[in-house]
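**Q** For this note's numbering, add 5 to where a residue sits in the sequence shown, where the first one is 1.
One structure coming up, written as structure tokens, with questions to follow.
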Amino acid sequence: MTEIMYRILLVDDEILVRDAIRENIDWKAMDCELVGDCDNGKAAAEFVQTHPVDIVLTDILMPYMDGMELSRFLHDNYPDIVIVIFSGFGEFEYAKKAIQYDVSEYMLKPVTAMELRNVIEKMKEKVDQRRKEKEKLERLTQTSENYQKNAIVIRSRALQGFVDNIKTRQESLEELAALGIDLEAACYRVAVFELDLYSDSSQLTAEKRQESALMSFVLFNISDEIISEEKAGVAYQAGNNKVGALFMGNRTREFDQKIMEICRTIQDKLKELMSLDISIGVGCWARTQQELQLSHELAEKAIEYRYLLGGNLLISMEERPEENSLSIKNHVEKLVAALKAGKKENSEHVLEQISSEIKEARVDKSRACVYLQQIIRAADETCEDVVPDSRLFSKRDALLQQVTEQNSFDSAFALVRNHVGEIFRKLSDANSSSGQRQARLALDYIQKNYMDPDLSLNSICSYLNISTSYFSTIFKELTGETFTEVLIRTRMEKAKELLENTTMKNYEIAEKVGFADPHYFGISFKKMTGCTPTEYAREKRK
6 MTEIMYRILL
16 VDDEILVRDA
26 IRENIDWKAM
36 DCELVGDCDN
46 GKAAAEFVQT
56 HPVDIVLTDI
66 LMPYMDGMEL
76 SRFLHDNYPD
86 IVIVIFSGFG
96 EFEYAKKAIQ
106 YDVSEYMLKP
116 VTAMELRNVI
126 EKMKEKVDQR
136 RKEKEKLERL
146 TQTSENYQKN
156 AIVIRSRALQ
166 GFVDNIKTRQ
176 ESLEELAALG
186 IDLEAACYRV
196 AVFELDLYSD
206 SSQLTAEKRQ
216 ESALMSFVLF
226 NISDEIISEE
236 KAGVAYQAGN
246 NKVGALFMGN
256 RTREFDQKIM
266 EICRTIQDKL
276 KELMSLDISI
286 GVGCWARTQQ
296 ELQLSHELAE
306 KAIEYRYLLG
316 GNLLISMEER
326 PEENSLSIKN
336 HVEKLVAALK
346 AGKKENSEHV
356 LEQISSEIKE
366 ARVDKSRACV
376 YLQQIIRAAD
386 ETCEDVVPDS
396 RLFSKRDALL
406 QQVTEQNSFD
416 SAFALVRNHV
426 GEIFRKLSDA
436 NSSSGQRQAR
446 LALDYIQKNY
456 MDPDLSLNSI
466 CSYLNISTSY
476 FSTIFKELTG
486 ETFTEVLIRT
496 RMEKAKELLE
506 NTTMKNYEIA
516 EKVGFADPHY
526 FGISFKKMTG
536 CTPTEYAREK
546 RK
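See the structure below:
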């Protein structure tokens with residue numbers, strides 16, 4: 006009797022559909038068995054928990070638990086099961102959303118016996134593929150489990166305990182001596198090696214995690230062999246797919262150079278044998294257990310610079326580079342000015358300056374993301390001032406999320422650069438009329454230079470290189486006011502802020518907002534507000 010190799014579960018709330026499928030397919034001829042049929046997703050979810058199933062054929066709209074919910078349940082809990090969805094015409098596009106649940110096929114009702122047979126044949130191939138992958142994973146797991154039992158693990162744990170100061174120095178030395186490891190040395194230095202490809206463990210599938218564990222074992226073997234040959238120290242597995250190295254010897258320039266040469270040799274060897282890049286952080290020299298722990302922490306810290314600087318790093322932390330204080334406020338202001346002025350090259354140059362300074366400051370990922378968020382918000386607000394668009398804010402939330410999810414600063418910065426480019430295009434479209442653009446530049450110029458008593462229609466036209474008559478026309482069209490009216494209003498608004506929030510004298514405020522004559526300032530202020538500066542201040546400062 007031929008063994009049934011493929012077990013199929015049918016799920017549909019229409020009994021006639023289930024009967025038709027059951028009776029119109031020669032299951033044995035296809036080397037299949039219909040192990041069950043359910044009239045809703047909830048019953049199907051319960052069935053797979055107690056019966057082996059290879060393929061699930063499911064409808065979309067059903068009571069208690071629909072086909073989408075069932076697909077999600079199977080994807081999360083039984084990833085080896087192959088899913089086929091069949092649905093009515095109106096549900097078909099909806100069904101395709103189930104792609105996130107690894108649905109393998111979509112069939113439009115009514116389904117013919119021939120169509121179903123063809124699909125089942127394809128699904129059998131998929132089941133075979135998944136079985137092979139599962140067998141491979143089980144072999145990898147078995148290899149890993151066997152390795153976990155051997156002496157290397159015991160040795161690595163003891164070395165890790167020594168480095169992390171878990172036991173007293175004497176206890177650690179005795180434990181290691183019993184394993185045949187002599188760690189008596191004048192000085193120590195810790196290095197940490199990590200495979201770049203597997204650095205983000207949250208993004209790894211189960212198979213990739215197993216693969217990364219085996220690759221880190223290869224890295225350990227290579228490191229251990231090279232360091233032992235050079236009689237420079239010992240290597241150990243440091244957990245989280247990392248490898249540690251404890252270098253031992255006298256603190257000399259020659260040994261410093263030798264440590265870095267050994268690290269480069271390990272990088273080159275792994276690249277040659279496995280085509281993999283690793284990043285290496287080397288901590289400071291240590292004599293005491295506390296210093297040894299610090300050396301390890303600094304080596305780990307160096308690895309974190311991979312986010313900013315990219316992979317295949319080799320960084321010595323002997324100098325202990327500190328994070329520099331960094332403010333990008335001035336750069337952001339220059340970026341905004343370049344966007345407003347339509348100067349693309351300037352905006353790109355400012356962005357590159359910001360990128361370089363963030364990298365040089367050696368900030369961590371969270372701070373780097375804060376700086377990138379500042380750029381995004383400033384660009385959006387600049388655009389909103391010129392081209393109000395409520396969609397910007399919803400798009401911004403998604404972009405900020407994307408930026409924080411990137412594994413490298415360069416990929417995050419590329420998203421920001423593209424976004425600023427889009428903002429630039431929006432502003433360019435809005436300012437396609439040269440007259441509008443010049444009028445906006447004038448408004449920006451007034452905001453930045455209102456405190457200059459010599460600011461005049463002639464000076465701003467000279468700045469823009471246009472005639473006063475043409476300027477007056479385009480400015481009035483855009484603002485509805487004359488240049489003088491906008492300048493006086495701007496100065497008065499600034500004067501109000503100073504009167505409300507400072508104890509400055511009237512003549513000092515007059516000078517601050519561009520009035521050479523305090524008396525004229527008082528007359529202008531009363532004309533615009535209906536009260537003198539003194540009266541306004543008395544009222545607002547209560």
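For every residue, glycine included, the Cβ atom is placed at its ideal position computed from N, Cα and C.
Which residue comes first and which comes last in the alpha helix (DSSP H) that contains Ser109?
**A** Note, Ser109: premise wrong, no alpha helix (DSSP H); not H, not E.
**Q** Kindly indicate which three-state DSSP category Lys213 falls into: helix, strand or coil?
**A** Note: Lys213 maps to helix in three-state DSSP.
**Q** Measure from the alpha carbon of Arg123 to the alpha carbon of each residue in Tyr376, Asp31, Met70, then state which is nearest.
**A** Looking at the sequence provided, one finds Asn at residue 123 rather than Arg. Checking every option, the nearest Cα to that of Asn123 belongs to Asp31.
**Q** For Leu313 versus Ala373, is the C-beta spacing smaller than 9 Å?
**A** Against a cut-off of 9 Å, the Cβ pair of Ala373 and Leu313 comes out as a contact.
**Q** By DSSP, does Arg367 sit in helix, in strand, or in coil?
**A** If DSSP states are grouped into helix, strand and coil, Arg367 belongs with coil.
**Q** Assuming the contact rule is C-beta atoms closer than 8 Å, Arg311 and Ser204 should be a hit. Round their C-beta distance to whole Å, please.
**A** Confirmed, about 7 Å.
**Q** Please state whether the Cβ-Cβ distance between Trp290 and Glu338 is less than 9 Å.
**A** No, the Cβ-Cβ distance between Trp290 and Glu338 is not below 9 Å.
**Q** Might you give, ordered along the chain, the residues of its own chain that have their beta carbon closer than 8 Å to the beta carbon of Gly46, omitting 5 neighbours on each side?
**A** Excluding sequence neighbours, Gly46 sits near Val16, Thr63, Met67, Tyr69, Met70, Asp71, Gly72, Glu74, Leu75, Phe78.
**Q** Under three-state DSSP, which class holds Glu461?
**A** This sequence places Ser at residue 461; Glu is not what is there. Of the three classes helix, strand and coil, the one that applies to Ser461 here is coil, per DSSP.
**Q** Please name the residue in Cys268, Met533, Val248, Glu234 whose C-alpha comes closest to that of Ala218.
**A** Of the candidates Cys268, Met533, Val248, Glu234, the one whose C-alpha sits nearest the C-alpha of Ala218 is Val248.
**Q** For Asp42, write down the residues that DSSP places opposite it in a beta bridge.
**A** Asp42 is bridged to Leu15.
**Q** Terminal residues of the continuous beta strand (DSSP E) containing Glu291?
**A** According to the sequence shown, residue 291 is Ala rather than Glu. Unbroken beta strand (DSSP E) run through Ala291: 283-291.
**Q** Going by the CB atoms, is the gap between Phe252 and Ile271 shorter than 9 Å?
**A** Result no, Cβ atoms of Ile271 and Phe252 do not sit closer than 9 Å.
**Q** Could you pull the start and end residues of the alpha helix (DSSP H) that Gln411 belongs to?
**A** Neither: Gln411 is in no alpha helix (DSSP H) and is coded neither H nor E.
**Q** Helix, strand or coil for Phe418? Go by DSSP, reduced to three states.
**A** Phe418: helix per DSSP, three-state reduction.
**Q** Pop quiz: Lys276 and Ile231 are said to be a contact at Cβ under 8 Å. What is the actual Cβ separation, rounded to whole angstroms?
**A** Not really, about 14 Å apart at Cβ, beyond 8 Å.
**Q** With a threshold of 16 other CB atoms inside 10 Å of the CB of Cys388, please say whether the residue is buried or exposed.
**A** Buried, because 16 or more other Cβ atoms sit within 10 Å of the Cβ of Cys388.
**Q** Would you tell me roughly how many angstroms separate the C-alpha atoms of Gln242 and Met10, rounded to the nearest one?
**A** Distance between the alpha carbons of Gln242 and Met10 is about 42 Å.
**Q** With a threshold of 16 other CB atoms inside 10 Å of the CB of Ser321, please say whether the residue is buried or exposed.
**A** By the neighbour-count rule (16 or more Cβ atoms within 10 Å), Ser321 is buried.
**Q** Leaving out the 5 sequence neighbours to the left and right, which residues in its chain are closer than 8 Å to Glu522 when beta-carbon positions are compared?
**A** The sequence given here places Asp at residue 522; Glu does not occur at that position. So the qualifying residues of the chain are Ala515.
**Q** Please give me, in chain order, every unbroken run of the beta strand (DSSP E) with length at least 3 that falls completely inside the stretch 183-250.
**A** Qualifying beta strand (DSSP E) stretches, in chain order: 192-200, 238-244.
**Q** Which residues bound the beta strand (DSSP E) around Leu303?
**A** Looking at the DSSP string, Leu303 is not in any beta strand (DSSP E); the run it does join, the alpha helix (DSSP H), is 294-309.
**Q** Is it true that the CB of Leu297 sits closer than 9 Å to the CB of Val168?
**A** Result yes, Cβ atoms of Val168 and Leu297 sit closer than 9 Å.
**Q** Could you give the distance in angstroms between the alpha-carbon of Phe578 and the alpha-carbon of Lys501?
**A** Because the chain spans 6 through 547 in this model, residue 578 falls outside it and cannot be assessed.
**Q** Could you tell me the alpha carbon to alpha carbon distance between Leu224 and Glu126, rounded to whole angstroms?
**A** Rounded to the nearest angstrom, the two C-alpha atoms are 42 Å apart.
**Q** Taking only three categories from DSSP, how would you classify Gly440?
**A** Note: Gly440 maps to helix in three-state DSSP.
**Q** Where do the ends of the alpha helix (DSSP H) carrying Phe78 lie?
**A** Looking at the DSSP string, the run of the alpha helix (DSSP H) that includes Phe78 is 72-82.
**Q** Nearest by alpha-carbon distance to Leu319: which of Gln295, Ile285, Asn246, Arg546 is it?
**A** Of the candidates Gln295, Ile285, Asn246, Arg546, the one whose C-alpha sits nearest the C-alpha of Leu319 is Ile285.
**Q** Please list, in chain order, all residues of the same chain as Ala343 whose beta carbon is under 7 Å from its beta carbon, the five residues on each side excluded.
**A** Closer than 7 Å at Cβ, skipping near neighbours: Asn351, Ser352, Val355.
**Q** Count the other CB atoms within 10 Å of the CB of Tyr455; is the residue buried (16 or more) or exposed (fewer)?
**A** Result: buried.
**Q** DSSP three-state call for Gly254: helix, strand or coil?
**A** Strand.
**Q** Considering Cα atoms alone, identify which of Thr495, His524, Asn170 is closest to Lys453.
**A** Here the closest residue by C-alpha is Thr495.
**Q** Report yes if the CB atom of Leu21 is closer than 9 Å to the CB atom of Phe52, and no otherwise.
**A** Not a contact, by the Cβ cut-off of 9 Å.
**Q** So which of Val375, Ala447, Glu482, Ile528 has the shortest CA-CA distance to Gly417?
**A** What sits at residue 417 in the sequence shown is Ala, not Gly. Looking at the Cα atoms, Val375 is the closest of the given residues.
**Q** Does any residue of chain D bring its CB to less than 9 Å from the CB of Gln134?
**A** Judged by its chain identifiers, the structure shown contains no chain D, having just a single protein chain.
**Q** Have a look at Leu462, Gln443, Gly440, Arg401 and flag the residue whose alpha-carbon is nearest the alpha-carbon of Val425.
**A** Residue Arg401 is the option with its Cα nearest to Val425.
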